[in-house]
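Okay, structure first, notes after.
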Amino acid sequence: MRRGLVGQALAGLAAFGMLAAGGVVGGALPAAQAADPATKVIRVGTTQAVDSMNPFLAVRLVTGSIHRWMYGFLTVPDSKTLQPSADLAESWTTSPDGLTWTFKIRAAKWSDGQPITAADAAWTFTKIMTDDGAKTGNGPAVENFASVTANGQDLTIKLKTPQASMLDNPVPILPKHVWEKVGDIAKYEADAYPAVTSGPYVAVEHKKDQYVKLQANPNYWRGRPKIDELQVIFYDNPAAAIVGLKKGDIDLIGRLSPPDFEALKGDENIVQWNTQGRRATYLQINHGATTSDDKPIGDGHPALKDQRVRQALHYAIDKQKLVDEVQNGLAVPADGSIVPPMYKDFFWQADGDQKVSYDVARANKILDDAGYKKGADGIRIMPDGSRKLQFRFSIHTDTPIEDKLAEYLTGWLKELGITLTTKRLDSSKFTEETGTTALFDIAISGWSVNPDPEEVLATHLCSRRPTASGEGGGTESFYCDPQYEQLYLQQLKELDRSKRADLIKQMEQRLYTDAPVIALYYPNDLEGYRKDRIASITPIPEEKGLLYGGSGYWPFYTIEAVSADGADGSAEDGGSNTGVIVGVAAGVVVLAAAGFFVARRRKGVADERE
Numbered sequence: 012m013r014r015g016l017v018g019q020a021l022a023g024l025a026a027f028g029m030l031a032a033g034g035v036v037g038g039a040l041p042a043a044q045a046a047d048p049a050t051k052v053i054r055v056g057t058t059q060a061v062d063s064m065n066p067f068l069a070v071r072l073v074t075g076s077i078h079r080w081m082y083g084f085l086t087v088p089d090s091k092t093l094q095p096s097a098d099l100a101e102s103w104t105t106s107p108d109g110l111t112w113t114f115k116i117r118a119a120k121w122s123d124g125q126p127i128t129a130a131d132a133a134w135t136f137t138k139i140m141t142d143d144g145a146k147t148g149n150g151p152a153v154e155n156f157a158s159v160t161a162n163g164q165d166l167t168i169k170l171k172t173p174q175a176s177m178l179d180n181p182v183p184i185l186p187k188h189v190w191e192k193v194g195d196i197a198k199y200e201a202d203a204y205p206a207v208t209s210g211p212y213v214a215v216e217h218k219k220d221q222y223v224k225l226q227a228n229p230n231y232w233r234g235r236p237k238i239d240e241l242q243v244i245f246y247d248n249p250a251a252a253i254v255g256l257k258k259g260d261i262d263l264i265g266r267l268s269p270p271d272f273e274a275l276k277g278d279e280n281i282v283q284w285n286t287q288g289r290r291a292t293y294l295q296i297n298h299g300a301t302t303s304d305d306k307p308i309g310d311g312h313p314a315l316k317d318q319r320v321r322q323a324l325h326y327a328i329d330k331q332k333l334v335d336e337v338q339n340g341l342a343v344p345a346d347g348s349i350v351p352p353m354y355k356d357f358f359w360q361a362d363g364d365q366k367v368s369y370d371v372a373r374a375n376k377i378l379d380d381a382g383y384k385k386g387a388d389g390i391r392i393m394p395d396g397s398r399k400l401q402f403r404f405s406i407h408t409d410t411p412i413e414d415k416l417a418e419y420l421t422g423w424l425k426e427l428g429i430t431l432t433t434k435r436l437d438s439s440k441f442t443e444e445t446g447t448t449a450l451f452d453i454a455i456s457g458w459s460v461n462p463d464p465e466e467v468l469a470t471h472l473c474s475r476r477p478t479a480s481g482e483g484g485g486t487e488s489f490y491c492d493p494q495y496e497q498l499y500l501q502q503l504k505e506l507d508r509s510k511r512a513d514l515i516k517q518m519e520q521r522l523y524t525d526a527p528v529i530a531l532y533y534p535n536d537l538e539g540y541r542k543d544r545i546a547s548i549t550p551i552p553e554e555k556g557l558l559y560g561g562s563g564y565w566p567f568y569t570i571e572a573v574s575a576d577g578a579d580g581s582a583e584d585g586g587s588n589t590g591v592i593v594g595v596a597a598g599v600v601v602l603a604a605a606g607f608f609v610a611r612r613r614k615g616v617a618d619e620r621e
């Protein structure tokens with residue numbers, strides 16, 4: 012696999028460098044398309060490839076972002092408050108008992124000119140409700156729906172029980188007249204272009220693991236975006252993406268690791284963006300994975316079924332050291348919640364005797380008391396003598412920050428008499444083994460949390476486990492716990508926000524004590540963009556918010572390009588660089604991952620879930 016980009020000007024083309032290990036990548040480039048200097052183009056770099064352009068299947072962060080730019084939802088987070096605001100639903104009412112919601116779908120058009128109606132939304136939701144293959148991306152979002160019907164522009168959703176998160180539904184609405192023709196949703200990659208969309212942009216081209224090209228939607232109900240084209244360029248590693256940003260091959264990159272973020276210092280053309288993030292990073296523990304019909308699955312180490320072993324692992328981790336030395340201080344230690352502190356209402360933190368602090372002696376005592384004795388080689392053995400405590404740690408290939416994390420964990424667990432062996436997997440294999448087949452012991456994981464945390468909480472429900480055939484799912488932990496399930500159902504119907512927040516905190520506490528996952532830290536949102544290419548971009552929330560990866564489309568709807576003369580307008584080397592991108596696609600594999608980041612999803616540096 013070639014890695015990176017080798018900078019080389021391509022005559023007659025917008026410069027798109029390619030850094031490769033052995034120099035210029037071979038392969039003839041197709042003839043360049045004529046570049047219109049008035050065309051406004053912004054290029055976004057990412058180290059995660061699209062898992063599927065099918066919104067029913069997609070779970071990765073990059074795909075979620077692209078779909079937010081393409082499709083409308085019932086509501087979207089307000090750009091200032093993150094509270095639900097109108098999108099395709101221009102208004103809504105609810106019955107006194109909270110069981111019936113009626114949404115008025117605005118009079119707008121799909122990108123192909125067809126009218127958007129309530130029938131489109133009804134079909135989308137019903138498809139997820141009735142088709143296991145369609146549940147992968149957002150199955151829990153409709154689990155409480157009893158029925159969905161349409162009458163003209165009125166969409167009526169009847170619920171089984173009141174649902175506090177109804178106005179934060181994460182499902183993109185799809186055009187019925189296009190998608191009802193699809194046969195097997197679980198196998199459909201949605202690779203017919205141009206796509207039919209209702210959001211700011213229309214996908215017009217996609218080269219697997221290499222790029223997605225989107226163009227402004229002239230039919231968008233808010234008005235056409237201020238740029239003509241948005242390109243998402245995939246790199247196989249962060250170092251290559253940083254080179255791309257510095258060289259001007261891309262204009263913006265988000266989700267940077269601390270070392271890559273700090274590598275941007277000193278470049279007068281690059282703005283470093285550092286703010287509180289919406290993500291938690293944690294360890295996923297194979298505590299005895301089962302399918303949705305409760306059949307054992309995978310090959311997880313049996314010792315990890317013991318909560319005492321998982322607790323001992325937790326005590327062996329020095330989270331502050333991970334923040335200081337793995338995250339370069341650009342994160343916050345996680346002492347409880349899988350919901351990051353930026354969401355103050357739902358954030359929970361352990362304290363007092365409940366708090367698990369770094370304590371190797373205590374961790375060893377827990378294992379001693381539980382009967383896991385050390386053998387002559389210093390490695391602990393299960394109480395029945397059947398197996399040594401030798402665990403695999405699954406991380407992504409080409410992710411130095413995960414390698415560094417693995418080094419620390421390996422050393423700390425060695426002090427407990429536990430052997431940890433790093434297992435590096437490409438993104439596709441990683442997602443398969445940690446989210447479907449359960450062929451792992453411990454894995455790096457994490458999630459980007461929306462303003463309403465129900466979605467990330469739902470990834471730990473029994474129903475999120477895959478079926479016996481490996482369909483559906485979207486689990487983040489293979490967790491299935493009656494106490495957690497009951498709390499989830501209670502918070503779902505609690506309409507008092509403060510009471511609901513208390514129930515959610517109890518759910519987080521349950522995850523903390525039972526430890527199917529172990530939260531490590533909350534990474535800062537680290538991004539960078541070229542101020543000589545981007546004239547303005549509005550974060551979400553607008554005050555100290557995020558750019559790429561934010562919980563909404565606002566930054567990339569409001570983005571403006573800089574013209575060659577420095578005024579708002581086309582990108583400096585503007586014009587669609589289709590010819591160049593196709594050349595890159597023909598000559599280099601920029602991400603080693605065959606389709607499906609744990610999904611939602613959403614896992615590590617190279618494979619983050621939505």
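Going by the working numbering, 146 is the number at position 135 of the sequence shown; the sequence numbering is gapless. Beta carbons are placed, not taken as given, at the ideal position from N, Cα and C, and that holds for glycine. Note that the coordinates shown come from a computational prediction; the quantities given were computed from them, not determined experimentally.
The beta-carbon distance between residue 252 and residue 58, rounded to whole angstroms, is 6 Å. This is short enough to meet the 8 Å contact definition. Under the three-state reduction of DSSP output, residue 203 falls in the coil class, being neither helix nor strand. DSSP, read as helix, strand or coil, puts residue 375 in helix.
Apart from the 5 residues on each side of it in sequence, residue 101 sits with its Cβ closer than 7 Å to the Cβ of 115, 117 in its chain, given in chain order. If you check the CB distance, residue 112 and residue 184 do not come in under 7 Å. DSSP places residue 383 in the coil class of the three-state scheme, outside both helix and strand.
For residue 139, the uninterrupted alpha helix (DSSP H) run begins and ends at 129 to 141, by DSSP. If you draw a straight line from the Cα of residue 275 to the Cα of residue 56, it comes to about 14 Å. As DSSP reads the structure, residue 285 sits in a beta bridge with 537.
Listed in chain order, the alpha helix (DSSP H) runs fully inside the region 428 to 485 are 438 to 446, 465 to 469, counting runs of at least 4 residues. Pairing residue 390 with residue 315, the inter-Cα distance amounts to about 15 Å.
For residue 58, no alpha helix (DSSP H) run applies, since DSSP gives it neither H nor E.
For residue 241, there is no enclosing alpha helix (DSSP H); the enclosing beta strand (DSSP E) covers residues 240 to 245. Contact between residue 52 and residue 242 holds: CB atoms are separated by about 7 Å, below the 8 Å threshold. Following the DSSP letters along the chain, one finds residue 71 in no beta strand (DSSP E), marked with neither H nor E. Counting of Cβ neighbours within 10 angstroms places residue 191 among the exposed residues, the total staying below 16. Here residue 124 carries a coil assignment [DSSP, helix/strand/coil]. Spatial neighbours of residue 474 in its own chain (CB-CB distance under 8 Å, excluding positions within 5 residues in sequence) are listed in chain order as 150, 151, 154, 303. Exclusion of the five residues before and after residue 78 leaves 66, 183 as the residues of its chain whose Cβ lies within less than 6 Å of its Cβ. By the CB criterion at 7 Å, residue 566 and residue 545 fall outside the cutoff. With a cutoff of 7 Å on beta-carbon distance, residue 559 and residue 75 are scored as not near each other. Counting C-beta atoms within 10 angstroms of its own C-beta, residue 162 has fewer than 16 neighbours from the protein chains shown and is therefore classed as exposed. The three-state reading of DSSP puts residue 325 in helix, counting H, G and I together.
By alpha-carbon distance to residue 178, the top candidate from 104, 158, 144, 323 is 104. By the neighbour-count criterion, in which 16 or more other beta carbons inside 10 Å mark a residue as buried, residue 259 falls on the buried side.
Out of 146, 347, 423, 133, the CA that lies nearest to the CA of residue 85 is found in 133. DSSP places residue 412 in the uninterrupted alpha helix (DSSP H) bounded by 411 to 425.
In the three-state DSSP reduction, residue 404 falls in the strand class (E or B).
Secondary structure at residue 347: strand, using DSSP grouped into helix, strand and coil.
The distance from the Cβ of residue 337 to that of residue 344 is about 11 Å, inconsistent with a contact at the 8 Å cut-off.
DSSP lists 459 as the beta-bridge partner residues of residue 290. In the three-state DSSP reduction, residue 302 falls in the coil class, being neither helix nor strand.
Annotated three-state conformation of residue 114 is strand, per DSSP. Comparing C-alpha distances from residue 564 to each of 317, 89, 431, 54 shows the shortest one belongs to 89. Per DSSP, reduced to three states, the secondary structure at residue 149 is helical. In the three-state scheme derived from DSSP, where H, G and I count as helix and E and B as strand, residue 489 is classed as coil.
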